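Asker: Sharing a structure below in structure tokens format, with a few things to ask.
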Amino acid sequence: MSKLPGIAFIGCGFIAHAHASALHGLIQHDLVQARLVSACDIDVKRAEHFRDQFGFVEATANVAQALDNPDVSIVYICTPTRDHAALLDRAAARNHAVFCEKPLAHTHTQAEAMLATVKRTRIPAQTGLVLRYSPVYTEMRRLLLEDTGP
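Under the working numbering, the first residue of the sequence shown is numbered 15, with each subsequent residue one higher.
As structure tokens, then:
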């Protein structure tokens, strides 16, 4: 088992390529200390191509295999939104840190349940939202938090 944090990608489609490409470059330039361990996709050929393109150790179509790999401690969830909550639950049950692509969930209730899982398990978790501090989102947040009174 490696001492470096190991990363698994669940979902090897378009957005996963952007994240894996960035991580691969950061690792290659010694800017991030981690290993790309498991590429997992329902299409095993896509997972194999992903593995070969970015230097992952394994490729699989089996989510449990990726999550149970003893070298994995970080999971990137880059699947369709419908799968996010279940995958977050499975990763959290194994005490893995999670990066979950947006949109986080289809409903506010589902997003709240995912947040409750993160709080209960105390895993590090982040959603891929690069627009968090853009002016329009900052203003929307201000308006939502503004005390409008009666």
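Backbone N, C-alpha and C fix where the C-beta goes; we use that ideal spot for every residue, glycine too.
Treat the numbers as computed from the prediction; the structure is a model and nothing was measured.
Determine, using beta carbons only, whether Gly20 and Val58 come nearer to each other than 9 Å.
Answerer: Cβ distance not < 9 Å, so Gly20 and Val58 don't count as in contact.
Asker: In the DSSP assignment, find the beta strand (DSSP E) that holds Arg49 and state where it starts and stops.
Answerer: Where Arg49 is concerned, the enclosing beta strand (DSSP E) stretches over 49-54.
Asker: Is DSSP giving Phe70 helix, strand or coil here?
Answerer: Coil.
Asker: Does the segment 84-96 come close enough to the segment 21-36 that 3 or more CB-CB pairs lie under 8 Å?
Answerer: Yes, since at least three Cβ pairs between the segment 21-36 and the segment 84-96 fall closer than 8 Å, the two stretches touch.
Asker: Within the continuous beta strand (DSSP E) that includes Ala75, where are the two ends?
Answerer: From DSSP, Ala75 is part of no beta strand (DSSP E); its letter is neither H nor E.
Asker: For the alpha helix (DSSP H) that Tyr151 lies in, which residues bound it at each end?
Answerer: Tyr151 -> alpha helix (DSSP H) spans 149-159.
Asker: Could you tell me whether the segment 130-143 touches the segment 99-118, where touching means 3 or more Cβ pairs closer than 8 Å?
Answerer: With the cut-off at 8 Å, the segment 130-143 and the segment 99-118 touch.
Asker: Report the three-state DSSP secondary structure of Ala119 (helix, strand or coil).
Answerer: Looking at Ala119 - three-state DSSP - the assignment turns out to be coil, as it is neither helix nor strand.
Asker: Per DSSP, what are the beta-bridge partners of Ile21 in this structure?
Answerer: Answer is Leu50, Ile88.
Asker: Based on DSSP bridge pairs, tell me the residues matched to Gln140.
Answerer: Partner(s): Phe113.
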